[in-house]
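One structure below.
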Amino acid sequence: MKFEPTDRQIRSFVLRKGKMTTGQKKAVEELMPIYAFDPDQTIDFEKLYGNNNPVWLDIGFGNGESIIHAAQQHPEINFLGIEVHLPGVGHLLMVIKELGLTNVRIIRNDAVDMLNLFIADESLAAIHVYFPDPWHKKRHHKRRIMNQEFLDLIQTKLQTGGRLHYASDWHPYALEVQELLAANTWLKNQESNNGFASRPEWRPVTKFERRGQKLEHGSYDLIMTKK
Ligand SMILES: C[S@@+](CC[C@H](N)C(=O)[O-])C[C@H]1O[C@@H](n2cnc3c(N)ncnc32)[C@H](O)[C@@H]1O
Numbered sequence: 109m110k111f112e113p114t115d116r117q118i119r120s121f122v123l124r125k126g127k128m129t130t131g132q133k134k135a136v137e138e139l140m141p142i143y144a145f146d147p148d149q150t151i152d153f154e155k156l157y158g159n160n161n162p163v164w165l166d167i168g169f170g171n172g173e174s175i176i177h178a179a180q181q182h183p184e185i186n187f188l189g190i191e192v193h194l195p196g197v198g199h200l201l202m203v204i205k206e207l208g209l210t211n212v213r214i215i216r217n218d219a220v221d222m223l224n225l226f227i228a229d230e231s232l233a234a235i236h237v238y239f240p241d242p243w244h245k246k247r248h249h250k251r252r253i254m255n256q257e258f259l260d261l262i263q264t265k266l267q268t269g270g271r272l273h274y275a276s277d278w279h280p281y282a283l284e285v286q287e288l289l290a291a292n293t294w295l296k297n298q299e300s301n302n303g304f305a306s307r308p309e310w311r312p313v314t315k316f317e318r319r320g321q322k323l324e325h326g327s328y329d330l331i332m333t334k335k
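As numbered in my numbering, residues 109 to 335 make up the sequence shown, in order.
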């Protein structure tokens, strides 16, 4: 599977080598051709999943916990996960096979590039961005995925009534995003007073969230719909 990032300068990730377990390596070799794909034209979701169910996109799924949870709870939904970190992709591939999930597909690439290049406008019922790297240092803030340019892209890709769900354990980032989302009047916060939401049933507590909880970080969900 080729992975050739385009020449965009500032990215929301730094590609770490990351150790792969034997199981993850085997999964990448054997299951990537089955459950993952490498788009070279606009993705035809009906062809990809064999049905026209709604598609929920998970950006930067880590080891795939949130997709695994939601895909079991919602067989009537198609899940697309985009992640660059290969061990995480390997982990999700293993679990898809183990559980026999038929409604999950993966792209191993930069989600921003994939949205720009291969995802049709108004084709997504939901976009989930869970615990995106907070890039704590001020000089790294420009790497945060949640910015106005990204929201402009999301606006074109979400269906009307579609959902943008962001979650973070980093309060300063969550506050910044809360303000950013409120300024985007095409979005409606599901909570009154532009507030944070409780964790909904489709989002499990992930490894990153548990780590944050140990550090007493808290969790902040923002659930918006496209008007
Ligand atoms: C802190 S982790 C969170 C993982 C997961 N969402 C969770 O809640 O457990 C952020 C993940 O986003 C991925 N990532 C960051 N920017 C990305 C991008 N532009 N495209 C795809 N994956 C990205 C990173 O590789 C990393 O695995």
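Each residue gets a CB set at the ideal place from its N, CA and C atoms; glycine is no exception.
For residue i, the three-state DSSP class (helix, strand or coil)
| i | result |
| --- | --- |
| residue 186 | strand |
| residue 329 | strand |
| residue 297 | strand |
| residue 165 | strand |
| residue 213 | strand |
| residue 127 | coil |
| residue 322 | helix |
| residue 245 | coil |
| residue 334 | strand |
| residue 258 | helix |
| residue 313 | coil |
| residue 263 | helix |
| residue 251 | helix |
Cβ shell of residue i (< 7 Å), same chain only, five flanking positions each side left out
| i | result |
| --- | --- |
| residue 126 | 193, 194 and 195 |
| residue 232 | 163, 165, 265, 266, 267 and 270 |
| residue 154 | 160 |
Start-to-end residues for the beta strand (DSSP E) that takes in residue i
| i | result |
| --- | --- |
| residue 272 | 266-276 |
| residue 233 | 232-238 |
6 Å Cβ shell around residue i - same chain, five flanking residues per side excluded
| i | result |
| --- | --- |
| residue 335 | 294 and 296 |
| residue 316 | 239 |
| residue 131 | 202 |
| residue 179 | 187, 209, 211 and 212 |
| residue 259 | 292 |
8 Å Cβ shell around residue i - same chain, five flanking residues per side excluded
| i | result |
| --- | --- |
| residue 308 | 273, 329 and 331 |
| residue 298 | 305, 331, 332 and 333 |
Span of the alpha helix (DSSP H) around residue i
| i | result |
| --- | --- |
| residue 224 | 219-226 |
| residue 286 | 279-291 |
| residue 204 | 194-207 |
| residue 174 | 173-181 |
| residue 153 | 153-157 |
Residues that DSSP places opposite residue i in a beta bridge
| i | result |
| --- | --- |
| residue 305 | 329 |
| residue 144 | 214 |
- Query: Does the region 142-152 touch the region 218-236, meaning 3 or more C-beta pairs lie closer than 8 Å?
  - Reply: Remark: three or more beta-carbon pairs, one from each stretch, lie closer than 8 Å, so the region 218-236 and the region 142-152 are flagged as touching.
- Message: Contact between the region 209-217 and the region 169-186 is defined here as three or more beta-carbon pairs at a separation below 8 Å; is this criterion met?
- Response: Because the criterion of three Cβ pairs below 8 Å is met, the region 209-217 and the region 169-186 touch.
- Task: Could you tell me whether the region 238-254 touches the region 276-287, where touching means 3 or more Cβ pairs closer than 8 Å?
- Result: Verdict: yes, contact present.
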